[in-house]
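Notes to accompany the following structure.
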Amino acid sequence: MPSLFASYLRVYEPLTAFDRDRQSYWRRYVREGRAVAPLEGPGRQRTAVIAALGAGWTRLPDLPDEAYVLEVDDALLVCPWNLRVRVAEAALSAREGVPSVIADAFVPPILAGQAKTVVEDWRSGARVLEHGVPRLHEQIATWGVPLRWFVLVEAGERELVTRPERRTLRYRTEISKARRRASRALSVLKKSVGAAPITEAVEEAARWLEEFHPRSVVELDYGGLVQLLSDETLAADDSPELVAGGLAGLSRGETDEASAAYDRLVARWRAIQLLERCN
1 MPSLFASYLR
11 VYEPLTAFDR
21 DRQSYWRRYV
31 REGRAVAPLE
41 GPGRQRTAVI
51 AALGAGWTRL
61 PDLPDEAYVL
71 EVDDALLVCP
81 WNLRVRVAEA
91 ALSAREGVPS
101 VIADAFVPPI
111 LAGQAKTVVE
121 DWRSGARVLE
131 HGVPRLHEQI
141 ATWGVPLRWF
151 VLVEAGEREL
161 VTRPERRTLR
171 YRTEISKARR
181 RASRALSVLK
191 KSVGAAPITE
201 AVEEAARWLE
211 EFHPRSVVEL
221 DYGGLVQLLS
231 DETLAADDSP
241 ELVAGGLAGL
251 SRGETDEASA
261 AYDRLVARWR
271 AIQLLERCN
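Counting from 1, position 196 in the sequence shown corresponds to residue 196 in the UniProt record's numbering; the numbering is continuous, with no gaps.
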């Protein structure tokens, strides 16, 4: 199955970030060659979820305990999928803000009840005491890349492949660098624009990064969006530079420069978002 038209923000943690049982599991998982490449992962995830839910959607199924894996300086880093929890959270989110009749049609009450139990157990005090603070290692955005994600990376960290059989664009950076960039951006935004949506979004991203091991790696992956963009467009993409330039302008009080960078970014990604309506 082809990848979704989505982008991904992932955190890969070293094995020492996990409890002893999880460390043993992930070592065995890698040793057996079961790790899934990011290029195939989204399709595998979607297939697993659809097959497990079944036509009736009457229960929240067990889902494969899989992960993306990186090897950095002879150390294994793991980005677990946490599919069961993510499906549970998605099921509950789908019911929010809609009439109960429609909510029940999309997510049956039995499934919703099971989803609530899974999420509450995931965040429960007993689990935190036993296994530490639970972490979801992957964020997903459809039909675009959230502008706050570009705060975390720089142009020199880009990896671009445009071979016909394998087209990818991603950024990878140490989490310590991503945290510093988020902190600087947050400071500039609070001073310049105050409690605006973009400030809150960057603050949320910064809080998320604080959940992970200090030797983790952050990955911004354009995922299936590369199928919507030409090789030339991918090579010329300078979204992280535009974000950095806009923040630099704000810090100097040059609002026109910041606004110009922001407008270019919004126009660029709105063109991608509008493709959803043509789908």
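No residue lacks a Cβ here, since even glycine has one placed at the ideal position from N, Cα and C.
Quiz prompt | Residue range of the alpha helix (DSSP H) that includes residue 207 | solution = In the DSSP annotation of this structure, the continuous segment of the alpha helix (DSSP H) that includes residue 207 starts and ends at 197 to 209.
Quiz item: Taking all protein chains shown into account, do 16 or more other C-beta atoms lie within 10 angstroms of the C-beta of residue 102, making it buried, or fewer, making it exposed?
Solution: With a threshold of 16 other beta carbon atoms within 10 Å, residue 102 falls short and is exposed.
Self-check item: Within 8 Å, strictly: CB atoms of residue 217 and residue 76
Solution: For the 8 Å CB-CB criterion, residue 217 and residue 76 do not form a contact.
Practice problem: Just tell me which of 167, 106, 261, 214 has its CA closest to the CA of residue 221. | Solution: When only C-alpha atoms are compared, the closest one is 167.
Quiz prompt | Closest Cα partner of residue 177 within the set 5, 11, 229, 4 | solution = Restricting attention to 5, 11, 229, 4, the CA atom closest to the CA of residue 177 is found in 11.
Self-check item: Backbone secondary structure at residue 71 - three-state DSSP
Solution: Strand.
Practice problem: Report the residue ranges of all beta strand (DSSP E) runs contained in full by the region 241 to 274; include only those spanning at least 3 residues, in chain order. | Solution: The qualifying runs do not exist here; there are none.
Quiz item: With distances taken between CB atoms, is the gap from residue 182 to residue 151 smaller than 8 Å?
Solution: Cβ distance < 8 Å, so residue 182 and residue 151 count as in contact.
Quiz prompt | Option in 82, 114, 164, 97 with minimal Cα separation from residue 135 | solution = Ranking 82, 114, 164, 97 by Cα distance to residue 135 puts 82 first.
Self-check item: Helix, strand or coil at residue 15 according to DSSP, with G and I counted as helix
Solution: DSSP places residue 15 in the helix class (H, G or I) of the three-state scheme.
Quiz item: What does residue 140 pair with, by DSSP beta-bridge criteria?
Solution: The partner list for residue 140 (beta bridge, DSSP) reads 8.
Exercise. Report the option in 191, 42, 232, 100 whose CA atom is closest to the CA atom of residue 160.
Key: Nearest C-alpha to residue 160: 232.
Self-check item: Under the three-state DSSP convention, the category residue 20 falls into
Solution: Reduced to three states, the DSSP call for residue 20 is helix.
Quiz item: Does the region 79 to 94 come within contact of the region 107 to 118, defined as at least 3 CB pairs closer than 8 Å?
Solution: Yes, the region 79 to 94 is in contact with the region 107 to 118.
Quiz item: Going by DSSP, which residues form a beta bridge with residue 160?
Solution: Beta-bridge pairing links residue 160 to 169.
Quiz item: So is residue 239 buried or exposed if we call it buried at 16+ other beta carbons inside 10 Å?
Solution: Residue 239 comes out buried.
Quiz item: Are residue 138 and residue 79 closer than 8 Å when you measure CB to CB?
Solution: Against a cut-off of 8 Å, the Cβ pair of residue 79 and residue 138 comes out as a contact.
Quiz item: Do residue 195 and residue 148 have their C-beta atoms closer together than 8 Å?
Solution: No, Cβ-Cβ distance for residue 195 and residue 148 is not below 8 Å.
Quiz item: Comparing alpha-carbon positions, which option in 4, 108, 26, 48 lies nearest residue 70?
Solution: For residue 70, the nearest C-alpha among the options comes from 26.
Quiz item: For the beta strand (DSSP E) that residue 221 lies in, which residues bound it at each end?
Solution: Per DSSP, residue 221 belongs to the beta strand (DSSP E) from 217 to 221.
Quiz item: Shortest alpha-carbon distance to residue 258 belongs to which of 188, 197, 227, 228?
Solution: Checking every option, the nearest Cα to that of residue 258 belongs to 188.
Self-check item: residue 197 versus residue 208 - alpha carbon distance
Solution: C-alpha separation (whole angstroms): 17 Å.
Quiz prompt | Cα-Cα separation, residue 107 to residue 270 | solution = The alpha-carbon separation between residue 107 and residue 270 amounts to approximately 30 Å.
Quiz prompt | Inter-residue spacing [alpha-carbon to alpha-carbon] between residue 48 and residue 199 | solution = If I take the Cα positions, the gap works out to 36 Å.
Exercise. Pull up the distance between the alpha-carbon of residue 284 and that of residue 89, whole angstroms please.
Key: Look at the range of the chain in this structure, 1 to 279, and you will see that residue 284 is not part of it.
Quiz item: residue 307: which of 143, 87, 105, 99 sits nearest, CA to CA?
Solution: No answer is possible for residue 307: the residues shown for the chain start at 1 and end at 279.
Quiz item: Helix, strand or coil for residue 80 per DSSP?
Solution: The DSSP-derived three-state label of residue 80 is strand.
Quiz item: Cα-Cα, which of 8, 4, 84 is closest to residue 62?
Solution: Out of 8, 4, 84, 84 has the C-alpha closest to the C-alpha of residue 62.
Quiz item: Is the distance from the Cβ of residue 213 to the Cβ of residue 66 below 8 Å?
Solution: No, the pair does not count as a contact, with Cβ atoms beyond the cut-off.
Self-check item: Per DSSP, cross-strand counterpart(s) of residue 174
Solution: According to DSSP, which records beta bridges pairwise, residue 174 is partnered with 217.
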